[in-house]
Amino acid sequence: MWQEMNKPKMATEKGASRVLMLLGQLERLNEGPKASDTDATRQITGRILHIIQTQEKTRKEMMSKGSSGMDVILSTLENTRDLQTTLNILSILNELLTVGGGRRTGVFVSKGGTAILLQLLVSSSKDLPLNEELMLHIHSLLFKVGPKDDITSSSDRKFGVKARLNGALNVTVNQVKHNLQNHKLLLPCLQVLRVYSGNLVNAVSLGKSGALELMFEIIGPFSKKSTTLLKVALDTLAALLKSKMNARWAVDRGYMPTLLAIYQDWHRNDTRHRHMIIRKSILGCIKNLTNIKLGRKAFIDANGMRILYNTSTECLPVRTLDPLVNTSSLIMRKCFPKNRLPLPTIKSVYQYPLPHILAGGPVAQLHSLPPGVDDVVDESDENEGTEVDTENDTENEDDETGHKTQNDDIETDINKLRPRQMQARPFDELRVYERFCLEFTQYFKVNDFQSPGSVTPLSVDPNLHNPLIIPTKQNRRPKNIQPPRSNDPPLDLDSISISKALEGKPDPDLACSLGRLVLDGEISVNGESVNGPQEESGDQAVIEVPDTAALLPLHDPDLYLEMVKGTRSVPAYTEVAYPDYFGHVALNLREPILERAYGVQRTKIFQDIERLIHPSDILDRVVYDLDNQSCPIPDNGESLKFNSKFESGNLRKAIQIRKFEYDLILNSDINSNHYHQWFYFEVGNMRPGVRYRFNIINCEKSNSQFNYGMQVLMYSVQEAINGSPQWVRTGSDICYYKNHFSRSSIAAGGQKGKSYFSMTFTVTFQQKDDVCYFAYHYPYTYSMLKMHLQKLSGMCTNEIYYRQDELCETLGGNSCPLLTITAMPESSSNEHISQFRSRPVVFLSSRVHPGETNSSWVMKGSLEFLMSCSPQAQSLRESYIFKIIPMLNPDGVINGNHRCSLSGEDLNRQWQNPNAELHPTIYHAKSLLQYLRATGRTPLVFCDYHGHSRKKNVFMYGCSVKETVWQTNVNTSNCDLHEDLGYRTLPKLLSQMAPAFSLSSCSFVVERSKEATARVVVWREIGVQRSYTMESTLCGCDQGKYKGLQIGTRELEEMGAQFCVGLLRLRRFTNPLELHNHNSHLLDMENDLKDPRSIPNITSPTTYVLEEDEPAFLEEVDYSAESNDENDPDFEPDLQDNRVLPDPSSDSEISRQDSLT
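Residues 25 to 1181 in the numbering used here are what the sequence shown spells out, letter by letter.
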């Protein structure tokens, strides 16, 4: 019994040893005379084949590490001239590579097996007649070792080059040509031909050799026979058609209608959907044909849009056919005729004359265009590129691309990385900034100590005499109001009474049919009335305003109107938006990140395609147009009414496409021709319960958080009147994708063939006769800031030192406020004054980019905390002197820009060399920092608040020599990289305190493209080690307490307050008396820094971005134009916690987070 159980094992061991013995004999025969050993070689190879066919272990033995079995077999194959011996060895190789093929194929390739097979193929083709079995074996093996679509390290990536150099391409083509009816040999030959075609140069050569005609002879109408053969032929054809030369040949010979007819035939007959992969392969051929302009025209001429639209529509109910629908969608989008953006020019509607124009700047480029140039149209064709296939081998392009450096934007010059004290302006020039730092001078005692808070008096420019307009109702007025006639003088500000009573049921139609009352208030200049005394009037328009004073202590509608009067705008706005007037009360409920339904984008794209297929259904009616102020507004009751002519508003044009669908076009930044992202507009005349679709059609970024759960914001006037004055996240079926509107090379920075992107959302209005406002993010206007600062000054107590200065006047004539906040000294004694002046400076700024309104809400939270009476706030004021510029770009904010100031430039790229006339706020902010450094008051912390449109959470960017060098290939062995790790302290503190803050998203790498930003310049030139940009998401969070939730103003303000608490904790680590007690903390920082998991990965070759790993949606649709990057993490929302957020300044909240572990 024991012997019977061990027989198989003994037989296997015996077989393995026998194979090794036979291999040894074969090796000796190879070294001897070739002619006399033919019979012996034939017998030995036959025995080896028999053994490995019956015993798997012998195969492992032959391929084991250190074994010379593969060398012996290949050497024999290369040297033998005996047909049977060759067939035996080919069969042996086929057995070896069939099982466990990955590693074994790698061994075969490394031993030169590919070249030997190709040489054998070519030499055998010269022996006539050809041996079918030999050809079958050779092609079967070549297919196994050649690279497939899922390229692995074991396959031969140089396969295509070797095949071409050995002359094997034509041999295989001839085999296909002479064996069209011999499917047994035809299949492996087609498989090898498919592998050959993966190389572009090979594809061109094969096309010239007649391979395309052969493929069209094989493929045909629906048939249940030879489907495997047909699938390989279609894949080979698709690979060949990747060559533009081959594609042109196929189009010229009329194969586009042929392919469409074949696809329709398979679609009609494959009723059980058993051959979906064949149908998809046909679509793959059509897709590659449409990569050229000629192919797209042929597709349109052959009615391809309607064919694929109809077949896809029929496939929609069957989920398993989604690959067909998605591929058809991609083809139709590619072939959709490019449309001109319906604008007279891509430049902003508004222009502002600059004092001078910098040569080579963006504005100079706009003015350099010849007269009459149409900057909207784009004659180029997307993806066309060169029409001539190069002769360079591109087989390894993917491989080479994968090995390219991914951090070419990171600064590698160590000398540039080290912070350096640059020669600032002469101190005599900087001395003028002493007036912003009176607390450091001898004038402090006399002037400031007796008056703890001072504010620059509110002044109203006498030139701003345009009347202000607030919407109100016309059709149902209070009984004591007479309808104003068209020739009646406008009602003035004093004739408007503001009712804040919420008792009783408000008028349900108060917001309907927006008439406008002109508020021409009495403007005072030097105590005199500009407009003269106003007569008393018995007629008063009553506007119900929600009484939100208890919830919004910093909001006052009357004060807001006063602030608006002093705001200068380029369009000379005369209207006030309801949300800015009423105010916004943060929601107590959490708003989860939207989970998008499957197939939403595909549905939207098909609706867009229907515009071409069913043009009679399209209204194409302009209902709002800033370019044509006299544009007649349809008053048929069937069209929505739009408006954006108010502070921070942005909507250029609205076009009614269908009864309930509108295309919207955003205005460019002033003195610019791009930056379309921020929007803020009003909508009226809607029907309740109807689904309206809105498409913003001139977006520029290749992806957006709107694809990953972010919703737009809506403010309902009826809801505000009913007691809920708040912005809410809204919209369904939201997606962001490339559209068919071409973007001119002038708008795309010289790049041709680019398209705009659409951001589309659907809204169902709930209220009758409502007026609603939509915004990209929570609006925060310049007038709102002025109102908040005025109210903050009223919060000042004897313990608070608060001063508001005008840093400078902007290009547009608006004041840029500078705040100084700290604690008053205990007394006027020299000791207390000395302690007061020894406090370190913290410099904060915000809103350099107008569209990043979330940064203003974070700043609001910081300011309210600093001015509060809590013990933590008092401790913070006693620890630091704060210099704060809450809005660095007032002009951009006022005029509805997204990125730029009136100079048409991104102010956060001007810090290296700001111009006093064109970039006054940056020039004077930098000069103030230079003054502080020159007087020994270099800030301990500098932080510029920003918003981030493509990532979640709140995080920081800082500056570090070490972390920058570690992300490069720079040899640092001779570099002195000693660096204080204190720059990581504040982010680490915030990650332990602030629920929305993510330390893992922080980066401290210095990029070349960011060298002119505030963060880098202040670090490098001013010498502030803790120089940061704090980025707040526009979407929501994917970690911590707010995981799965969209961010609101409550969370943003909380972040601003928590930042202040973090500064209070930071004081312990920067106090020389306490610093020595925290060496362990710095060691923890060093360990964190060395942990590779704590260092973000580099994924962009041109701009450093944190690694983004947003999971792909199930619908595989092309979200971006040329790439699928820019994705962010997304997680399931926590819908349970709807409690009000804790006060970050409360003792309980602070005590829970008191340790730094």
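Even for Gly, the Cβ is constructed at its ideal location relative to N, Cα and C.
| Query | Result |
| --- | --- |
| Taking all protein chains shown into account, decide if ASP259 is buried (16 or more other Cβ within 10 angstroms of its Cβ) or exposed. | buried |
| Could you tell me which residues DSSP pairs with LEU868 in its beta bridges? | ILE908 and CYS967 |
| Per the DSSP calculation, ASP829 is bridged to which residue(s)? | LEU842 |
| Can you tell me the Cα-Cα spacing of ARG711 and ASP793, whole angstroms? | 8 Å |
| Would you kindly report the start and end of the unbroken alpha helix (DSSP H) that includes GLU458? | Run containing GLU458: none; DSSP gives neither H nor E here. |
| How long is the line joining the alpha carbons of PHE718 and MET239, rounded to whole angstroms? | 46 Å |
| Under the criterion of a Cβ to heavy atom distance below 7 Å, does LYS762 qualify as lining the ligand MG? | Looking at this structure, you won't find the ligand MG or any other ligand, since it has none at all. |
| State the Cα-Cα distance for the pair HIS943 and SER927, rounded to the nearest angstrom. | 7 Å |
| Going by DSSP, which residues form a beta bridge with PRO616? | LEU1069 |
| In this structure, does DSSP put LYS665 in helix, strand or coil? | strand |
| Just to confirm my understanding: we take GLU102, look at its own chain, exclude 5 residues before and 5 after, and list those with CB closer than 6 Å. What are they? | ILE140 |
| Could you pull the DSSP bridge partners for GLY708 from this structure? | LYS665 and VAL795 |
| In terms of residues, what are the limits of the alpha helix (DSSP H) holding THR104? | Note, THR104: premise wrong, no alpha helix (DSSP H); not H, not E. |
| Roughly how many angstroms separate the alpha carbons of ARG320 and MET1079, rounded to a whole number? | 51 Å |
| So, are the CB atoms of LEU953 and PHE867 less than 8 Å apart? | yes |
| Exposed or buried, what is VAL872 when buried is set at 16 or more other beta-carbons lying within 10 Å of its beta-carbon? | buried |
| Report the three-state DSSP secondary structure of ASN194 (helix, strand or coil). | helix |
| Can you tell me whether PHE451 is buried or exposed, with buried defined as 16 or more other CB within 10 angstroms of its CB? | exposed |
| Name the DSSP beta bridge partners of TYR1052, please? | CYS967 |
| Just to confirm my understanding: we take LEU1088, look at its own chain, exclude 5 residues before and 5 after, and list those with CB closer than 7 Å. What are they? | GLN896, SER899, LEU900 and SER903 |
| In its own chain, which residues sit with a C-beta less than 7 Å from the C-beta of PRO1019, not counting the 5 before and 5 after it? | GLY1064, LYS1065 and TYR1066 |
| Use the C-beta contact count for ASP687: other C-beta atoms within 10 angstroms, 16 or more gives buried, fewer gives exposed. | buried |
| Could you name the residues that DSSP lists as bridge partners for LYS677? | ASP649 and ILE689 |
| What are the start and end residues of the alpha helix (DSSP H) that includes CYS759? | From DSSP, CYS759 is part of no alpha helix (DSSP H) but of the beta strand (DSSP E) over 756 to 767. |
| Do you know whose CA, among LEU1010, MET980 and LEU1076, lies nearest VAL1030's CA? | MET980 |
| Could you pull the start and end residues of the beta strand (DSSP E) that VAL1040 belongs to? | Run containing VAL1040: none in the beta strand (DSSP E); it sits in the alpha helix (DSSP H), 1038 to 1041. |
| In the DSSP assignment, the alpha helix (DSSP H) including THR627 goes from what residue to what residue? | 624 to 637 |
| Between the alpha carbons of GLU237 and GLY308, how many angstroms are there, rounded? | 18 Å |
| Would you mind reading off the limits of the beta strand (DSSP E) that contains THR788? | 778 to 788 |
| For ASN206, tell me which candidate among GLY673, LEU166, GLY231 and GLU156 has the shortest Cα-Cα distance. | GLU156 |
| Note down the Cα distance separating SER92 from THR104, rounded to an integer number of angstroms. | 18 Å |
| So is CYS893 buried or exposed if we call it buried at 16+ other beta carbons inside 10 Å? | exposed |
| In whole angstroms, what is the alpha-carbon distance linking ARG1074 and LEU611? | 8 Å |
| Considering just the uninterrupted stretch of the beta strand (DSSP E) at ASN719, what are its terminal residues? | 715 to 723 |
| For a minimum of 4 consecutive residues, which ranges assigned as the alpha helix (DSSP H) are wholly contained in the region 88 to 165? | 93 to 103, 107 to 122, 125 to 134 and 137 to 148 |
| Cα separation between ASN54 and VAL216? | 30 Å |
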